[in-house]
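K.L.:
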Amino acid sequence: MSENLMVRPMVGAPGATPAAVEASGLRKSFGNVQAVDGVDLHIRPGEIVAFLGPNGAGKTTTIDMLLGLGKPDSGEISIYGATPRAAIARGQVSAVMQTGGLLKDLTVRETVRLTASLFADSRPVDEVLQRAGILEIGDRLVEKCSGGQQQRLRFAMALLSDPGLLILDEPTTGMDVEGRRDFWSTIRSDAARGRTVIFATHYLDEADAYADRIVMIRRGRIVADGTAAEIKALAAGRTVRATVTDLEQAAVAAVDGVDSVALHGGQLTVRTRNSDAVARYLLTRTDAIDLEITSHNLEDAFLALTSDDPGAAGE
Amino acid sequence: MSTLPLPGSIAVERRVPPLGGFNLTLLQIELRRRLRNKRTVFFTVAFPVIMFVLIGAKYTNEPLDPGQPVSAGGTSVAAYAMISFAVYGAMLASTAAGGAVALERALGWSRQLRITPLTPAANIAVKILGGLVLGLLAVLATFTAGVATGVRMPWQVWILAGLAAWLGSLVFTALGLLVGYLVPSENVMQFMGPVLAFLAFFGGIFMPLSELPELLQAVGVWTPTYGIGEIARAPLSGEAFNWLAVGNVLLWLVLFGAGAALAFRRDTKRV
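Protein chains in written order, with this note's numbering: chain A, 79 to 393; chain B, 7 to 277.
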């Protein structure tokens, strides 16, 4: 991910261009169900953002509103300074849906040609077919394509307008490992040109590996928003262990971010949201040795932040 | 996949396509899809021709009005049948073209289109034009079969009857759209086929309304098939213009069109 951050030019310099996504106070209910309950989002051009959350958390409803497929009950959305519909009319935003959205009786190439014809400006058909890895099956009928090939076709269609914002709903479902890796390298090469990417995924490792930023949604609200490392720290914190001979427990407990301190036979275990502060304290003010910091993985954070019982975190 | 890096950065200034995204590539692919569907082609082009050849073609010398023999310039029963089946073919074709939205909704294609610049109006225009092209094919095929089997009419009758059968089918494009936006079925024509046959029977397409019992005649003039049939055959008889038929066509066009617009709105709200 750090490599990812380095290759990205500073297209998102404040004030230079409008935010890729600016949403405030989004709410949407279906009958008695409050699907989205006050979501605020500010996404800079060029960011790769993962939406994580359990089924029914409101990810898809939020995405639908960003695409203008659903109208929020209240709240404002602007995509590159325009309404979702106006952004779509200009080819500034495109999306890869998880299922459907294809005509079975067209060939792969016809589907892309048709879609290309709808935009004022479009990348060449063969170029997007090649980038999506389906150039050689251009003449195949969509109904004869495998699930993975159909997913690549949806991706090819989304590349046509060279959009500023690309929204992906579970983008690599049905792709094999190699396909998934190629897919992400295409995404990252475009992000380097300034493309903003929002993807919903249930592959936590995918969010961890490819997103600059993770937005966790639970029950229609954002429960965490930050880098993968920040999210991990936020949910369960880190555990700092060290061997000590002489220690005042209360002083450690007073360090910023510490949740609990336990000392058993010279073995100190500190659970903290700020492991750096604890480590610094232990190494500079005490005789602690063999210091070890372990972080919980994103899976733990995901479960902790999105489960109904926050106490179940990080075990 | 290949990760060809593209040159340049993502454009910020962008254009909106003219005509809501309507273009000839879109129309061409739409027509190709219609013609790729063997079922549609059979029922819209082959079926009316076969029906005409089997039922109507043998009456090329049988006068519609016994007082006016065909040899003396009278209208043949075959000419009457030919125009009727042309109307029927155009009806089926345009209903199928409009009804195609049902399949597109079921497949999620309409939703996909909504994340492109294509406006709903442009999309519906493509369906209407597709219906017109398919309807024209149906009329031309039936008329060709008529010429081949010896139907003779004054040239202006060919043109006027053909135009009426063709353009009148717009009523059924509207009906197809209405049904297409209402039902979740993948193939609207599976049940619209029998419905249209029923309407054609009671609306004076398959046989003159005057041959039905009086009660059925009274009902028949209200069917959406009655108006088009009457108008398309009017050039044959040279009778006074039938305003009841015109009213029938306009009434159903407005009803189906408004219904389709309402169903469309309901559909896009839900999606």
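Ideal Cβ placement from N, Cα and C applies to all residues, glycine included.
1) I'd like the list of long-range same chain contacts for F233/A, defined as Cβ closer than 6 angstroms, with 5 residues on each side in sequence excluded.
2) Listing by chain order, which chain B residues have their CB less than 8 angstroms from the CB of G116/A?
3) Per DSSP, which residues does H120/A bridge with? Please list them.
4) Considering only residues of the same chain and omitting the five flanking positions on each side of G179/A, which have a CB-CB separation below 8 angstroms?
5) For the region 199–228 of chain A, which residues have a CB atom closer than 9 angstroms to at least one CB atom of chain B, in sequence order?
6) Tell me, please, which residues DSSP counts as bridged to F277/A.
7) Given a limit of 9 angstroms on CB to CB distance, which residues of the region 280–309 of chain A reach chain B?
8) Would you tell me roughly how many angstroms separate the C-alpha atoms of K222/A and V139/B, rounded to the nearest one?
9) Taking the C-alpha atoms as reference points, what is the distance between G90/A and P96/A?
10) In terms of residues, what are the limits of the beta strand (DSSP E) holding L346/A?
11) Run the CB neighbour count on I56/B, radius 10 Å, all protein chains shown included, and call it buried at 16 or more, exposed below.
12) Quick check on the DSSP output: the alpha helix (DSSP H) that includes R319/A runs from which residue to which?
13) Does the Cβ-Cβ distance between F178/B and A96/B come in under 9 angstroms?
14) Measuring CB to CB, does I155/A end up less than 9 angstroms from E205/A?
15) Counting only runs that start and end within the region 228–273 of chain B, where is the alpha helix (DSSP H) found for 4 or more residues in a row?
16) Closer than 7 angstroms by C-beta to F197/A: which residues in its own chain qualify, once you throw out the five before and the five after it? Chain order, please.
17) Check P24/B in the structure and name its three-state DSSP category.
18) Report all residues from its chain with a CB closer than 7 angstroms to the CB of A236/A; omit the five preceding and five following residues, and keep chain order.
19) Would R201/A pass as a contact of I16/B if the rule is Cβ separation under 9 angstroms?
20) Kindly indicate which residue of V252/B, L25/B and P54/B has the alpha-carbon position closest to the one of F284/B.
21) Can you give me the Cβ contacts of V145/B inside the same chain, cut-off strictly under 6 angstroms, excluding the 5 residues immediately before and after it?
22) Distance cutoff 9 angstroms, beta carbons only. Does V59/B sit that close to anything in chain A?
23) Is DSSP giving P13/B helix, strand or coil here?
24) Quick one: using the 10 Å Cβ neighbour count with 16 as the cut-off for buried, is K44/B buried or exposed?
25) If the criterion is Cβ atoms closer than 9 angstroms, does the pair L181/A and L282/A meet it?
P.N.:
On the basis of the coordinates in this document:
1) V174 and A210
2) Neighbours of G116/A on chain B: none; closest Cβ ~23 angstroms, over 8 angstroms.
3) E100/A
4) R232
5) D199, R201, E205, Q208, R209, A210, G211, I212 and L213
6) A128/A and L246/A
7) none
8) 29 angstroms
9) A caution first: G90/A carries a pLDDT of 43, below 50, which makes its placement in the model unreliable, though a value can still be read off. Taking the straight line joining both Cα atoms gives about 9 angstroms.
10) Q345 to T350
11) exposed
12) Element bounds for R319/A: not the alpha helix (DSSP H) but the beta strand (DSSP E), R316 to T321.
13) yes
14) no
15) 232–243
16) G169, L238 and S239
17) helix
18) S172, A173, V174 and L244
19) no
20) Because residue 284/B is not part of the residues shown, which for chain B are 7 to 277, the question remains open.
21) A92, A96, G168, A171 and W172
22) no
23) coil
24) exposed
25) no
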